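Below is one structure, written out as structure tokens, with a few remarks after it.
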Amino acid sequence: MISPEQRSMLTDALTPPDGYRFDCGVATTYSLDLITLLTLPLHLARRDTEDVSPDRPDPLPVLEALRRMGDRLTVFCQRGRLQIPRKANALLGLLESMVHEAQAPHGGVFHPKVWLLRFEPGDANHGEAAMLRMLVLTRNLTDDRSWDLSLWLEGKVGKKKLNENKSLVRFIERVCEMSTKAISATRSEQIQLLSTDVHRTVWEPPGQYEWTRFHALGIEQKAAKWLPEADGGLPWDELGVVSPFVTQDTLSELAASAKEPLFLVSRSEELDKLSSLEDFSNVHVLSDQAVVGDLEDDDSQRQRGLHAKVYIGRRTWYTHLFVGSANATAAALKGRNVEFMVELIGRTSKVGTPADWVGNEGLGPLLVPYSRSDLEDPERLADERELEKLRDALARADLSLHCSKCEEGWAVDLHGLNVVDYCGVKAHAWLVTQDEERAVSIGGEPSHVVAHPVGRLGIFAPHHVTSFTGFGLAFGAATLRFAMQLPLHGGPEDRDLEILRAAIRNREGLIRYLMLLLGDWSGDEGNEYGAGALGEKRALARNETPLFEMLARAFAREPDRLTRVHELVKRLRDETTEDDPILTDDFIGIWSVFEHALSEEEGK
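Going left to right, the sequence shown walks through residues 754 to 1357 as my numbering numbers them.
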């Protein structure tokens, strides 16, 4: 049984195990918060994140972590479910190659929440096999404050392919085929390596569970029904269901699969939509205190409440725990959605019964009996459905961004708007590297007016040009905000360099970035140059920027690290103006000494 007092953070799960380094990974999620994604490479790179704000992440540590890890992690999410960042940030443009929007093949949504991470052994573990870590979540890659459940599995890569991993291997293959944009050759090679290793990995079940099984839903050419079933299709002796979203027919099928359907835990607003709850003997919801919590300064846009999806069945002496992304809905369990579930099997005497999940040692203290409340305003619900229909239409439309150089900067136009019928919905759009105040209307006012085929989003500095485009919709009393990644044509070359220059800004910024490039060699994490962003800021506050000593130390210990500095200086120098605030004369004077030394070493 898992106690609600046992808390873990996604960032903990992303930190490489001792003696290993992150090699490559794949993540899947329904919705995606870009600001959250922006900071995750810091953990994969083992960076000190004590001084990193989630809303305004320090750009230089993020830049360095993305340089090292950004091309090794590939993230798939549902098309049209990118969240609008709470704060505009030019660094978001660096995530474009990492993010791949996907669409489910059977008309539902892309809904799995799976991470697969590959770790290579370091020098201390030379000769050891690679390690894989698998995270199966019930939540999305956002900063929501919901009640969720996560499963953390690890295993060493062996030599023999295992039949029990076939479903997971097939899931990885099919996810790549659902991407709405091409996957680069480098990322395809990484994903193929992951797939090959997954097939040969022996996963260690958590706690006292004995067996692990994988269930990929909605990934094949034909939609197929799935239910959490006991072996041989025999009825469960007992069954409990935890699901934030439910439908009447699916609950009836689940109840019919058990001799005793013990309990259902869901959300009040979902249960209010059902005509009957007679299938389960006990129906619970989270208490108001559990939903709201005690975070007075919490962001009102963050989701709260129940988000965990769990099915707990007992058959004779064994308990089966199903955890993952699938709600107790027709869309999830009849194959319309793409979902992923893991089944853990253990002896009931060791892992507990379904009833334990709603007992005092489980979720019990957080729950209250469900009582029907008044339905939400039907007019508002109808307005929200209209906005969802328009979001789906925009996600299917052939929209694209086209850039052109002008005297003031880069003009960005949104093409393809005339194929969408707005049906009276007011709509505006903007680039998410800018605040929403810069959004422009893209049609829908008055009713049934079709937008022009091209809408100018504005003129931007090169480091603000991005393919991530925000959309705001309003109809009646309802509003909806989301982002999509659109094809970008004719944008400025070397946008990443422009972002780098904007983040570094001046000589002090360059020194801090060099500390990040050079200061993390093995065994020196605790010294003043390897202490991460916080240590760098303290050193700068004391005006301690021993540039020559820092470069000399790197040249003596690991001269290959100076290659990174050489590449950086070369890129910046190609764009340098006569009065450049970054490559100042004193820096060039110091760097030329090491540049000459490097050339002499190469000539030997």
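Where is the CB? At the ideal position from N, CA and C, for every residue including glycine. All figures in this text were calculated on a predicted structure; none of them were measured in a lab.
Using a Cβ distance threshold of 8 Å, L1120 and D1166 do not count as a contacting pair.
By the C-beta density criterion, N1259 is exposed, having fewer than 16 other C-beta atoms within 10 angstroms. The beta carbons of S899 and Q831 sit about 17 Å from each other, so the pair does not count as a contact at 8 Å.
DSSP places T782 inside the beta strand (DSSP E), whose first and last residues are 773-782.
Here DSSP, grouped into helix, strand and coil, assigns Q1001 to helix.
Burial of T792 is indicated by the presence of at least 16 other C-beta atoms within 10 angstroms of its C-beta. Counting only runs of 4 or more residues that sit fully inside the segment 917-953, the alpha helix (DSSP H) segments are 919-930, 938-952, in chain order. When V995, L1004, A841 are compared, the shortest CA-CA separation from D901 is found for V995. Straight-line measurement puts the Cα of S1102 at about 22 Å from the Cα of S1010. Assignment of P814 by DSSP, reduced to helix, strand and coil, places it in the helix class.
The C-alpha of T949 lies about 14 Å from the C-alpha of R927. Under the DSSP assignment, P1122 falls in the beta strand (DSSP E) whose first and last residues are 1120-1122.
Residue range 1063-1068 is occupied by the beta strand (DSSP E) that includes R1067. If you look at D1145, you'll find it in the alpha helix (DSSP H) that goes 1131-1149.
Contact holds between the segment 1129-1149 and the segment 1233-1245, because three or more Cβ pairs, one in each stretch, are under 8 Å apart.
For S1157, the enclosing beta strand (DSSP E) covers residues 1153-1159. Counting of Cβ neighbours within 10 angstroms places K1087 among the buried residues, the total reaching 16 or more. The beta carbon of E991 lies closer than 6 Å to those of E1013, L1015, R1067, P1107 in the same chain, with the five residues before and after it left out. Cβ contact annotation for Y962 (same chain, cutoff 7 Å, sequence separation greater than five): L1097, I1098, G1099, V1104, in chain order. For a cut-off of 8 Å, the C-beta gap from F1093 to F829 is around 12 Å, too long to register as a contact. G772 and F1224 have their C-alpha atoms spaced approximately 44 Å apart.
Under a 10 Å Cβ-count criterion, Q1238 is classified as buried, with 16 or more other Cβ atoms of the shown protein chains found around its own Cβ.
Annotated as distal: L915 and V1095, with beta-carbon spacing of 8 Å or more.
Contact annotation: L1321 and I1335 have beta-carbon atoms that are not nearer than 8 Å.
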